[in-house]
Amino acid sequence: MQVQTHVDINSEWGIVAARQAGRKLAREIGFGSVDQARITTAISELARNIYLYANQGQIKIEEVADSGKRGMKIIASDEGPGIKDVRRVMEDGFTTSGGLGAGLPGVKRLMDEFIIDSEMDEGTIITAIKWLR
Amino acid sequence: MDDMQVSMYQLYKNMLTSYLQNKSEHALYHAQQFSKQMMEQDMSPEETVSLHLSVFQDIADELPEEVTDSFDLLLEVMIGYGLAYREHQSLRDRQQELESELNVAAQMQRTLLPDAGINLDEVDFGVVSVPAGKMSGDYYHYDLDDEGNLAIAVADVIGKGVPAAMSMSMIKYAMDTLTDKQMQPGYVLESLNRVVERNIDDDMFITMMYGVYHPKNSHFYFASAGHEPGFFYQSAGDTFTDLEGRGLVLGVSPRMTYKEYDFPLEDGDMVVFLSDGVTESRVDGEFIERDQITNMIRERLDLPAQEIVDEIYQQLEKAQEFQLRDDFTLMILRRKV
């Protein structure tokens with residue numbers, strides 16, 4: 001039975017709860033301390049984006065397996081305003097100009113797989129996976 | 001751990017062990033060299049912190065729990081630095097790409113400028129044109145027709161860099177479509193103004209000075225579209241006069257006329273065209289005066305025109321510590337003695 005956790009994000013507490021749940025699962029799956037910290041940072045950034053731009057949403061984390069590989073999947077979803085120009089927010093130096101936060105390119109770098117799906121006025125779903133090496 | 005990590009681990013362990021034993025500068029020097037190797041192998045700050053902890057745990061018998069735990073905090077902080085480091089690397093790659101694209105564009109731009117030498121019995125001619133960045137907003141032109149009339153021009157797009165360079169290529173193409181360029185400077189500017197007015201943004205404009213030397217009557221004809229005044233040097237009295245024409249900059253209004261001027265060019269007389277990058281050269285933080293430029297020319301009257309402009313450029317470049325603020329174009333036409 002695979003572990004799955006949902007955390008509602010509507011406050012800074014939610015962000016911390018998502019981090020905590022993510023770190024715990026990452027440890028259980030067997031990620032080393034550096035990868036644990038990376039996954040946690042990715043969750044943290046995704047949760048913050050939800051909190052800042054959509055007010056509320058959800059972080060779902062689960063263990064995944066694919067052809068002998070084990071890993072961890074994060075799904076961040078919200079029903080916020082959506083991202084107008086995905087290509088731009090994925091550009092280095094766009095959201096981080098001024099050196100604040102990792103931004104979505106940072107999350108993409110921290111993880112192995114990254115899919116973003118955003119509709120204007122409907123919301124955004126970001127799925128990211130880290131594989132155990 | 002893969003082989004690379006194993007060897008990094010071992011190297012780091014040796015270094016740390018040696019340092020803890022004798023606290024030598026030598027071991028620290030090793031560490032400094034090692035950091036280069038780590039960066040070459042794309043090792044991130046967080047991996048370095050983690051490497052340090054695991055090696056430390058390995059060689060120290062028993063670490064207090066607080067020490068080990070404190071590394072959790074350090075690791076978390078270092079993730080941010082690691083991201084900034086990776087972003088820096090990717091931006092650096094992108095910059096290199098842009099740089100090489102710009103080099104190709106700059107190369108294309110240079111092909112728009114005339115490069116054949118002018119060698120005439122009666123006229124001595126020289127020009128230097130250097131962009132402040134890779135691309136230039138200055139344009140110059142010289143062209144000899146079948147009758148032996150020599151047309152010269154300097155244009156300056158207000159602005160610098162790529163947008164200015166794109167406008168500059170428009171001037172070149174517009175000039176190519178004009179016939180009878182050698183005869184009437186006023187007409188040439190009128191025609192160019194129509195093209196420029198139709199094709200550039202309202203907030204951009206171009207200044208230009210256009211002149212023609214007719215050897216048949218030894219007269220020089222010119223007109224100016226709001227351009228930086230040039231100089232007319234008269235050998236007989238050893239004097240410089242400003243070469244100024246009335247006419248609005250190109251690109252403001254579709255119907256403009258440009259007043260044409262002419263004067264005889266005696267033996268040894270010179271016509272100097274320049275862009276404001278020359279007069280706005282700054283020496284010791286202050287713009288140079290126009291008479292400083294004329295003095296520099298006067299000191300070199302015995303040199304060929306090309307050497308005069310080259311030397312003045314070199315002197316001003318050096319005086320500005322090799323940092324041009326604006327594109328620099330200086331042109332001299334002299335009637336030979």
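So the sequences go chain by chain: A and B. Sequential numbering of the first sequence, starting at 1, is according to the numbering used here. Sequential numbering of the second sequence, starting at 1, is according to the numbering used here. Using N, Cα and C, we set each Cβ at its ideal position, and we do this for glycine too.
- Listed by position along chain A, the residues whose Cβ is nearer than 9 Å to that of I171(B) form an empty set, because the closest Cβ is around 34 Å away.
- Neighbours of L75(B) in chain A, taken as residues at a C-beta separation under 9 Å, are given in chain order as S33, V34, Q36 and A37.
- Where E63(A) is concerned, the enclosing beta strand (DSSP E) starts and stops at G57 to D66.
- By the criterion of a C-beta distance shorter than 6 Å, A153(B) is surrounded in its chain by H141 and Y210, once the five residues flanking it on both sides are discounted.
- By the Cβ rule, the stretch 91–106 of chain B does not count as touching the stretch 296–316 of chain B, because fewer than three pairs are nearer than 8 Å.
- If you check the CB distance, L330(B) and M270(B) do not come in under 8 Å.
- The beta carbons of L46(A) and V107(A) sit closer together than 8 Å.
- In this structure, M135(B) sits near Q109(B), with a CB-CB distance shorter than 8 Å.
- Here Q4(A) carries a strand assignment [DSSP, helix/strand/coil].
- When Cβ-Cβ separations below 8 Å define contact, E47(B) makes contact with chain A.
- Proximity of I79(B) to chain A, defined by a Cβ-Cβ separation below 8 Å, is satisfied.
- Along the stretch 86–98 of chain B, the positions whose C-beta sits under 8 Å from a C-beta of chain A are R86, E87, S90, L91 and R94, read in chain order.
- Interface annotation for the stretch 105–126 of chain A against chain B: P105, G106, R109 and L110, criterion Cβ-Cβ distance under 8 Å.
- In the structure shown, E147(B) adopts coil according to DSSP, grouped into three states.
- At the C-beta level, V89(A) and L110(A) stay beyond 8 Å of one another.
- Look at D85(A): its C-beta is not under 8 Å from any C-beta on chain B.
- Rounded to whole angstroms, the gap between the alpha carbons of Q57(B) and V6(B) is 16 Å.
- In this structure, S275(B) is the residue among S275(B), G251(B) and A236(B) with its C-alpha nearest to the C-alpha of G230(B).
- For D124(B), the uninterrupted beta strand (DSSP E) run begins and ends at V123 to V130, by DSSP.
- When Cβ pairs closer than 8 Å are counted between the two stretches, the stretch 240–259 of chain B is seen to touch the stretch 197–205 of chain B, the count reaching three or more.
- Taking a contact to require three or more Cβ pairs closer than 8 Å, the stretch 45–61 of chain B and the stretch 8–25 of chain B qualify as touching.
- Pairwise C-beta distances place the stretch 115–126 of chain B out of contact with the stretch 174–188 of chain B, as fewer than three of them are shorter than 8 Å.
- G68(A) places its beta carbon 8 Å or farther from that of K130(A).
- Residue contact check for T41(A) against chain B: a CB pair falls below 8 Å.
- Taking 8 Å as the CB threshold, S50(B) lines the interface with chain A.
- Annotated three-state conformation of T111(B) is coil, per DSSP.
- Per DSSP, S118(A) is one residue of the beta strand (DSSP E) stretching across E113 to E119.
- Proximity of G22(A) to chain B, defined by a Cβ-Cβ separation below 8 Å, is not satisfied.
- By the rule that beta-carbons nearer than 8 Å mark a contact, G93(A) touches chain B.
- Under the Cβ criterion of 8 Å, L83(B) is counted among the residues facing chain A.
- Within the same chain, P105 come within 8 Å of D92(A) by CB-CB distance, once the 5 residues on both sides are set aside.
- Less than 8 Å separates the beta-carbon of H219(B) from that of D262(B).
- Taking C-beta separations shorter than 6 Å and ignoring five residues to either side along the sequence, the partners of L53(B) in its chain run F71, following chain order.
- Here I125(A) has S77 and D117 as same chain residues with Cβ atoms under 6 Å from its own Cβ, once five neighbours each way along the sequence are excluded.
- Within the same chain, and ignoring the five residues on either side of V157(B) in sequence, the residues whose Cβ sits closer than 6 Å to its Cβ are G137, A164, S167, M168 and I206.
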